[in-house]
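Numbering (our numbering), first residue to last: 1 to 315.
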């Protein structure tokens, strides 16, 4: 079934009128570039065609392909897969999967193998110090043309050279962090736009997914996205005081999807299994289906292989 247009999202949530007419399908939605061996099912041509998806940031295991292959779109971290990355991604292609590779586009971690290429002067400064938006990771400035150029190169060396069809762009949501001063945020958003234009020009036959790019980053990235990942899609957020905030996100997504059609993936890392977890997972699936989104839920973290906690085929 064709997903419900996101422009209808508010009418679903609060019984109001639709925001806009159904968006037209994204034209020529960037075919998968990798050549596949004979697959066990027809491979989806684009991220817009997939009917199920999953995300896995963990390392290689003997059962990794069997656990990931039931999903049509698979997000992996080639760096975490290490020396097994190329053969794992090739095996997923052979099973009919479309594969996206993880890349952090704003935070730089000590374990990144390209860390020594990120110059100290590229760091975002707040109050004269390197800004740390999360954990111990420092932010690299998208306002720096050299960092943007390196990111475009890293899309090739860290993702495409391992056989991935697209990029799962993480950590850009830090641009909405309340600890980032407004003048610096404006600089970073301008740099984000230049970065998006650069990766689109460099890789016109690839697809790009923005993770949690749902607030001020969204209007900048929307013309350059094939899919958006709505992370932390806990069904409890659609209840009580958080409902209004979710409706605000829904309206923004609906507005942008009407202008620049893109696929919306929902993601929830559930808490440790409990008596009500299956019911909450089913509720997540139901809400996602109403909004025309494609759900994936895991339990125990993104480094754990998926267990099919949410039905694997879209309605």
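Ideal placement from N, C-alpha and C gives every residue a C-beta, glycine not left out. This one's a predicted model, so the numbers in the text were calculated from it and none came from an experiment.
Residues near residue i in its chain [Cβ-Cβ closer than 8 Å; skip 5 each side]
i           : result
residue 197 : 224
residue 345 : This structure cannot settle anything about residue 345, because the visible part of the chain is limited to 1 through 315.
residue 28  : Legend: pLDDT at residue 28 = 45, less than 50; position of this residue unreliable, value from coordinates given subsequently. So the list is empty, once near-sequence residues are dropped.
Terminal residues of the beta strand (DSSP E) in which residue i lies
i           : result
residue 298 : 294-299
residue 210 : 207-211
residue 270 : 263-270
residue 73  : 73-76
residue 55  : 53-56
Close beta carbons around residue i, own chain, < 7 Å, minus the five adjacent residues each side
i           : result
residue 79  : 113 and 158
residue 181 : 126
residue 171 : 104, 105, 106 and 107
Buried or exposed (CB count within 10 angstroms, at least 16 for buried), residue i
i           : result
residue 211 : buried
residue 41  : exposed
residue 298 : buried
residue 45  : exposed
residue 303 : exposed
residue 88  : buried
residue 111 : exposed
residue 221 : buried
Cβ distance (whole Å) where residue i is taken to contact residue j below 8 Å
i           : j           : result
residue 231 : residue 267 : 5 Å
residue 59  : residue 100 : Not really, about 17 Å apart at Cβ, beyond 8 Å.
Residue i: first and last residue of the uninterrupted alpha helix (DSSP H) it sits in
i           : result
residue 218 : 218-221
residue 287 : 277-290
residue 68  : 64-68
Chain-order list of residues whose beta-carbon lies under 6 Å from that of residue i (same chain, five-residue window excluded)
i           : result
residue 122 : 140, 141, 144 and 147
residue 283 : 235
residue 130 : 123 and 138
residue 152 : 198, 199 and 202
- Message: Ignoring anything shorter than 3 residues, give me the beta strand (DSSP E) runs that lie fully in the region 142-189, in order along the chain.
- Response: 166-170
### Query
What are the uninterrupted segments assigned as alpha helix (DSSP H) that are 4 or more residues long and contained completely in the region 224-261, given in chain order?
243-259
| Whole runs of the beta strand (DSSP E) within the region 85-143, excluding any shorter than 3 residues | 98-104
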